[in-house]
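Protein chains in written order, with the working numbering: chain D, 1 to 481; chain C, 482 to 609.
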């Protein structure tokens, strides 16, 4: 609140000086008649009466001015308090038309009384407003925190809980938590309750505990600091608590990914080291074995390099750091190029390879290189996991909304347990027939990312021992040339 | 007459299994290879092996399950057990080593020469 007050000090001081001088002159006149009783001199009697009247007026005027000065002092104090409260409202207490109080003469006495009462009201209102602000600011600030905040008394009972803490405990507001222990409020077990109460280690200040919540476990991390001492000297605590469930999940996924990636890197490395060492240590190796060893080192090195490339590509795509280079693409040419790449593999395994393209198809804006690699990956998988004599069909369907590239095989299929996880990085089906075939478990993840970069996705349908269909489905609106 | 030391290698990576077989054969062992844990356990239960070298991550039975099965009974119950793994920090190798009485744990990529030397030194210590 900005209180603007016109400073009348100078004017008031001036008026006071004038009136004081008048009084002094009158007193001097009295002194001029010293020694003469006033009742013996009619002229002197008149002068004395005039002096008394002047003194009375002067006194009244002084009172008026004194009141005004007090009002001004009080206004200044209120202004100071209001300024401290930093209210944004603006209140002007400036006298109307800039008139000085003295200009109104005696009427100012009446006005001063009125102003005094008004100031009483104003001060009361202002003080009440400031008290409300003081009461309201603390909890409002605490409620705006994402961290849970609670105060615990010496008996371990909650005396205050902010909104975040209430939400963590599944309460819409904090009231029901008052009087409960922290462990009760969170629905924690007895071990956690003992830990949080400080029974196990009174000096412990950081805690982590879990609470079952449906199919998952929520994880909380809390810190407690001693608060003020109560009368009996026992210590109360201020707790700050965070729900770190998501952080823990992310940490767990990162650790799992790191462990899997490490495992996948170590496997080809183990072969490279073992075969290189064998070549070095075995001088008596026949040329055929020597050549086989070199081949293993070469293929394992390539496997390692492919692993690194795939992993980097997936990471780039997921981070949005890999952009598509979309160009107008003829579907017929795309299918032809893809088929040329996989036909050799199909022939080697004596697989029947079919390619079905609609009679009419539009030209599409695609990143031909990345999409071709994704489809070749699907066809490569189909060839790998389809026994000799089986069939692989590559089909392109175009309707008004979407274009779909599907690869169907009569291979070993995927179990219901494995199906939801086939797009996970490094995931390989828990099937001996899969484990016998070299693979990084990154191909489908890479294919999915390519489809998603084009605004589409990959779907899979499969039945164990009967075969699978993987379909890359892309929206036409984002691919239409 | 010198007794032939029989070794069982359980490793699902065929290339690695082949080279371990070669190294052990050159070291004087009679080597049998299994590419999954279940087959390895059947072999170890039915035939007496002096040394078992097992990978950790394998189809059907993992290395810990296989070696635990071997220790539980069968013809190779007293064999010297060695575990190889491409896992690192997530594998509690010390616990497994103590619980199953493993002679040693190797982390991939390991040296074949060191593998053979370690096996031989444990054999010597066991016979002493």
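The C-beta atom is built at its ideal place from N, Cα and C for all residues, glycine as well.
Remember, predicted model here, so these are calculated numbers, not experimental data.
Note on geometry: alpha-carbon atoms of residue 308(D) and residue 399(D) lie some 37 Å from one another.
Of the other Cβ atoms in all chains shown, 16 or more fall within 10 Å of the Cβ of residue 408(D); this residue is therefore buried. As summarised for the stretch 336-383 of chain D, the continuous beta strand (DSSP E) elements at least 3 residues long and confined to that stretch are 352-356 and 364-366, given in chain order. Secondary structure at residue 408(D): strand, using DSSP grouped into helix, strand and coil.
For residue 158(D), the uninterrupted beta strand (DSSP E) run begins and ends at 158-161, by DSSP. DSSP places residue 287(D) inside the alpha helix (DSSP H), whose first and last residues are 287-318. The distance from the Cβ of residue 517(C) to that of residue 566(C) is about 16 Å, inconsistent with a contact at the 8 Å cut-off. Within the stretch 562-575 of chain C, contact with chain D at the beta-carbon level (separation under 7 Å) is assigned to 567, 568, 569 and 571.
Residue 197(D) sits close to residue 181(D), with the two beta carbons spaced by under 8 Å. Following the DSSP letters along the chain, one finds residue 442(D) in no beta strand (DSSP E), marked with neither H nor E. In the structure shown, residue 461(D) falls within a strand segment according to DSSP collapsed to helix, strand and coil.
Taking a Cβ-Cβ cut-off of 9 Å, residue 357(D) has no neighbours in chain C, whose nearest Cβ is about 39 Å from it. By the CB criterion at 8 Å, residue 568(C) and residue 538(C) fall inside the cutoff. The beta carbon of residue 518(C) sits no closer than 8 Å to any beta carbon of chain D.
If you ignore the 5 residues before and after residue 352(D), its C-beta comes within less than 6 Å of the C-beta of 391, all in its own chain and listed in chain order. DSSP, read as helix, strand or coil, puts residue 280(D) in helix.
A direct Cα-to-Cα measurement between residue 323(D) and residue 424(D) gives close to 22 Å.
Against chain C, the beta carbon of residue 432(D) has neighbours under 8 Å at 517, 540 and 541, listed in chain order. Close to residue 422(D), with beta-carbon spacing below 8 Å, lies no residue of chain C; the smallest spacing is near 17 Å. In this structure, the straight-line span from the alpha carbon of residue 314(D) to that of residue 365(D) is close to 22 Å. Contacts with chain D at 8 Å (Cβ-Cβ) do not include residue 601(C). When C-beta atoms of the stretch 324-339 of chain D are compared with those of the stretch 358-378 of chain D, three or more pairs fall below 8 Å, so the two segments count as touching. Within the stretch 214-275 of chain D, the runs of beta strand (DSSP E) at least 3 residues long that lie entirely inside it are, in chain order, 216-229 and 235-243. At a beta-carbon threshold of 8 Å, the residues of chain C lying near residue 275(D) are 496 and 500, ordered along the chain. Under DSSP, the beta-bridge partners assigned to residue 152(D) are 158(D) and 237(D). The beta-bridge partner set that DSSP reports for residue 467(D) consists of 463(D).
In the structure shown, the three-state DSSP call for residue 536(C) is strand.
Beyond the five residues adjoining it in sequence on each side, residue 463(D) comes within less than 7 Å, by CB distance, of 413 in the same chain, given in chain order. Residues are counted here when their Cβ sits less than 7 Å from a Cβ of chain C; for the stretch 248-269 of chain D these are 259, 262, 263, 266, 267 and 269, given in chain order. For residue 504(C), the nearest CB of chain D lies under 8 Å from its own CB, placing it at the interface with that chain. Using beta-carbon distances, residue 392(D) does not count as an interface residue toward chain C, since no partner is under 8 Å. Across the stretch 445-468 of chain D, no CB contact with chain C closer than 9 Å is found for any residue. Residue state for residue 511(C) is assigned as strand, using DSSP reduced to three classes. A straight-line Cα-Cα distance of about 7 Å links residue 544(C) and residue 564(C). Classified as exposed, residue 554(C) has fewer than 16 neighbouring CB atoms from the shown chains inside 10 Å of its CB.
By the neighbour-count criterion, in which a residue is buried when 16 or more other Cβ atoms sit within 10 angstroms of its Cβ, residue 200(D) is exposed.
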